[in-house]
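Numbering (the working numbering), first residue to last: 41 to 165.
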């Protein structure tokens, strides 16, 4: 890290297969109770092509839909795959700043519940 640059904000990708005893935790994307994405192959492939293809530079993609339909899991699975391809990828709460780690092939910053962080999302954009 250069002294004239701010610290790098962490990107988290914390899958957790430990389910514990609270049934509500079982529904979280981190639990991976369902071991693979079901019915999202087309959307997943489109997101992967978007991330890896196209022009260089900053790009934004919005994944939206009703709660509980797997948006966060879809994004997390994409990030997990990109990490294996020398990307820096994961979730940010945006509180640690906007200077993110740079992967060899790119950086994917995921923001879950952006509506709860509107001022910070505006700054990021």
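Ideal Cβ positions, reconstructed from N, Cα and C, are used throughout, including at glycine.
Source: prediction; values computed, not measured.
Beta-carbon spacing of residue 140, residue 52 below 7 Å
Their beta carbons are not under 7 Å apart, which means residue 140 does not touch residue 52 by this criterion.
Please determine, among 114, 134, 108 and 113, the residue with the shortest C-alpha to C-alpha distance to residue 160.
For the residues 114, 134, 108 and 113, the minimum Cα distance to residue 160 belongs to 134.
In the structure shown, what three-state DSSP assignment does residue 134 receive?
Coil.
To the nearest angstrom, how far is the alpha carbon of residue 110 from that of residue 96?
Between the alpha carbons of residue 110 and residue 96 lies a gap of roughly 28 Å.
According to DSSP, is residue 128 part of a helix, a strand, or is it coil?
Residue state for residue 128 is assigned as strand, using DSSP reduced to three classes.
Can you round the beta-carbon distance between residue 114 and residue 91 to whole angstroms, since I take them to be within the 8 Å contact cut?
Between residue 114 and residue 91 a beta carbon distance of about 12 Å is seen, past the 8 Å cut, so the two are scored as non-contacting.
Run of the alpha helix (DSSP H) containing residue 103, from where it starts to where it stops
That residue, residue 103, is in no alpha helix (DSSP H); it is neither H nor E in DSSP.
Do you know offhand how far residue 154's Cα is from residue 103's?
Cα to Cα, the separation comes out at about 11 Å.
Sort 84, 143 and 163 by Cα distance to residue 50 and report the nearest one.
Selected option, being the one with the closest Cα: 143.
Taking Cβ to Cβ, would you say residue 148 is nearer than 7 Å to residue 136?
Result no, Cβ atoms of residue 148 and residue 136 do not sit closer than 7 Å.
Any idea what DSSP makes of residue 65, helix, strand or coil?
In this structure, residue 65 counts as helix in the three-state DSSP scheme.
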